[in-house]
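Novice: Reminder that position 161 of the sequence shown reads as 160 in numbering that gives the first Met the number 0, one-by-one numbering, no gaps. Handing you this structure, nothing more for now.
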Amino acid sequence: MTVWTGSEVHLKMLNGIAEGFKAKHPDVNVKFETVPVNDYTQKLTFQVAGGNPPDIAWMMEDAAPAFENANLLMDLGPTLKATEGYDFADFSQPAMGLWQKGDTVYGIPFSTSPFMIYYNKDMFDKAGLDDPLALAAKGDWNMDRFQEVAKKLTAANPGKWGFEFKDGEGYASRMTHALLPPIRAYGGDIWSNHECGFDKPEAVKAVKQLHDMVFKDKSIVPPGEQGDYFSGNSAMTVNQISRASKMAEAGFKWGIAPLPSGPGGESPVIGQAGLVVFAQGKNKDIAAEFIAHMTSKENVAIMAQFFPPARKSVLESDAFINGNKLIPPEMMKNVAAAIANGRVHPAHEKSPQILAAMAPRVDALWKANADVDAAIKGICSAIQPLL
């Protein structure tokens, strides 16, 4: 099974689940192969094209439609529904939307994880500012306040930044993850219903605000620089709760909070990954059985501390709210609320081509003297034919 995490904590948990499966299938070995996230989908595509796919892949939501439409994925439905006690109906229907067509089940959500604001409380305290969790509790956590506190944090912490895009990759592999949350907060989307949304008024306002934060306020880590929130060099970033595993040795007080709201209201963004079996795999039947084991109620509850579940019974349980040793229950309640109310990152069968077409146009945007309106129109001109 390919995964894109190299976290010792995650791999220890996954291997523990695999041991439970091997106890029932002593002739089976389970190996987790870590592939770096930036190369993940590309490497998976090369493996499949070369006739040597993994048995199981942890697949990102933006790649799923392309693999489904090319008939490369096994229908897991018969195996899952035949597994005693599996309770397939326990999976949230909205969460299954990307992985099921009619009765055909192409994958099972492994992580339905909302984007959250991670913040460095020590840096907020040094600046004399309320942190995002406190601001959200007062109903005062919005895009304007986000810009204001990011600027003040940068001023109060010389040599550091107020905000860093997701994984420090907002100008490259995570460009849609950088742009989507503020665009949604303004009431827009990057694309929907086969139409580009970048050039809509809501999106333009959001992108211009980000551009001002990078080049006028100098509060967002700029292109070519590494902020690294996890090392204490940025006061805020956006990420998912799986990254909490990196915070055990952080060396600073921290917390998580909802994304800032905007004119479009609260607009949680969900990143999703599913477990899939390749139709041409060498061990597809036993691989499907392993997915049934891995996504049982018991094992989903174990994984929920890092990978929020799509099983309603687990998501609604006290065990989920109280199950993460690193994240207090009052913060996990915001995670649960974001899953319940959020929308998944847009997917498309041509996502790889769309992102490739976007890249040079997004590069043109992230320059201090950029004509932002022209750059945004260029993004839509590049991707509309593919949508």
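Cβ atoms here follow ideal geometry from the backbone N, Cα and C, with glycine treated the same way.
#1: When you compare only the Cα positions, how much space is there between residue 307 and residue 60?
#2: Just how far apart, CA to CA, sit residue 202 and residue 51?
#3: Would the region 370-384 count as touching the region 139-146 if we require 3 or more Cβ pairs under 8 Å?
#4: By the DSSP assignment, the beta strand (DSSP E) with residue 236 in it spans what residues?
#5: So residue 161 packs on residue 171, CB below 8 Å; how close in whole Å?
#6: I'd like to check one pair, residue 91 with residue 244: are the Cβ atoms closer than 7 Å?
#7: With distance defined between alpha-carbon atoms, name the residue in 94, 209 and 19 nearest to residue 344.
#8: Between residue 374 and chain D, is any beta-carbon pair separated by less than 7 Å?
#9: By DSSP's criteria, residue 190 is part of a beta bridge. Which residues make up the other side?
#10: Can you list, in chain order, the residues of its chain whose CB lies under 6 Å from that of residue 232, leaving out five sequence neighbours each side?
#11: Using the Cα positions of residue 276 and residue 366, report the straight-line distance between them to the nearest angstrom.
#12: Curious, which full-length alpha helix (DSSP H) runs of at least 4 residues does the region 277-319 contain?
#13: Take the Cβ of residue 215 as the centre, count every other Cβ of all protein chains shown within 10 Å, and call the residue buried at 16 or more, exposed below.
#14: Could you pull the start and end residues of the alpha helix (DSSP H) that residue 39 belongs to?
#15: If you drop the 5 nearest sequence neighbours on each side, which residues of the same chain put their C-beta closer than 8 Å to that of residue 102?
#16: Round the Cβ separation of residue 349 and residue 65 to the nearest angstrom and send it over; I've been treating them as touching at under 8 Å.
#17: Please determine, among 37, 79, 122 and 132, the residue with the shortest C-alpha to C-alpha distance to residue 256.
#18: Around the C-beta of residue 24, are 16 or more other C-beta atoms found within 10 angstroms, so that it is buried, or is it exposed?
#19: Identify every residue that forms a DSSP beta bridge with residue 110.
#20: Does the region 356-370 touch the region 329-346, meaning 3 or more C-beta pairs lie closer than 8 Å?
#21: Whole angstroms is fine: what's the gap from residue 112's alpha carbon to residue 303's?
#22: Could you check if residue 387 is buried or exposed, using at least 16 other CB atoms within 10 Å of its CB as the buried criterion?
#23: Across the region 262-269 and the region 183-199, are there enough close Cβ pairs to call them in contact, namely three or more that are closer than 8 Å?
#24: Based on DSSP bridge pairs, tell me the residues matched to residue 260.
#25: List the endpoints of the continuous alpha helix (DSSP H) containing residue 326.
#26: Look up residue 97 in the DSSP assignment and give the residues it is bridged to.
#27: Would you kindly work out how many angstroms separate the C-alpha atoms of residue 10 and residue 362, rounded to a whole number?
#28: So what's residue 228 in DSSP terms, helix, strand or just coil?
#29: Taking the alpha helix (DSSP H) that residue 212 falls in, what are its first and last residues?
#30: Starting from the Cα of residue 141, find the closest Cα among 122, 154 and 116 and give me that residue.
#31: Quick check: residue 193 and residue 386, are their CB atoms within less than 7 Å of each other?
#32: Between which two residues does the alpha helix (DSSP H) carrying residue 399 extend?
#33: Taking just the CA atoms, how far does residue 157 sit from residue 36?
#34: Where residue 126 and residue 380 are concerned, what is the direct C-alpha to C-alpha distance, given to the nearest angstrom?
#35: Compare the C-alpha of residue 163 against each of 119, 47 and 285 and name the closest.
#36: Determine the direct distance from the alpha carbon of residue 313 to that of residue 294, and round the result to whole angstroms.
Specialist: The relevant details are as follows:
#1: 15 Å
#2: 41 Å
#3: no
#4: 235-238
#5: The Cβ separation is near 21 Å, so there is no contact.
#6: no
#7: 94
#8: The chain labelled as chain D is not found in the depicted structure, where only one protein chain is given.
#9: 195
#10: 159 and 226
#11: 42 Å
#12: 283-293, 296-302 and 311-314
#13: exposed
#14: 39-48
#15: 76
#16: 7 Å
#17: 132
#18: exposed
#19: 272
#20: no
#21: 10 Å
#22: Residue 387 lies beyond the stretch modelled for the chain, which goes from 0 to 386, so this question has no answer here.
#23: yes
#24: 141
#25: Run containing residue 326: none; DSSP gives neither H nor E here.
#26: Residue 97 is not bridged to any residue.
#27: 35 Å
#28: helix
#29: 200-214
#30: 116
#31: yes
#32: In the structure as shown, the chain starts at 0 and stops at 386, and residue 399 therefore has no counterpart that could be examined.
#33: 31 Å
#34: 42 Å
#35: 119
#36: 11 Å
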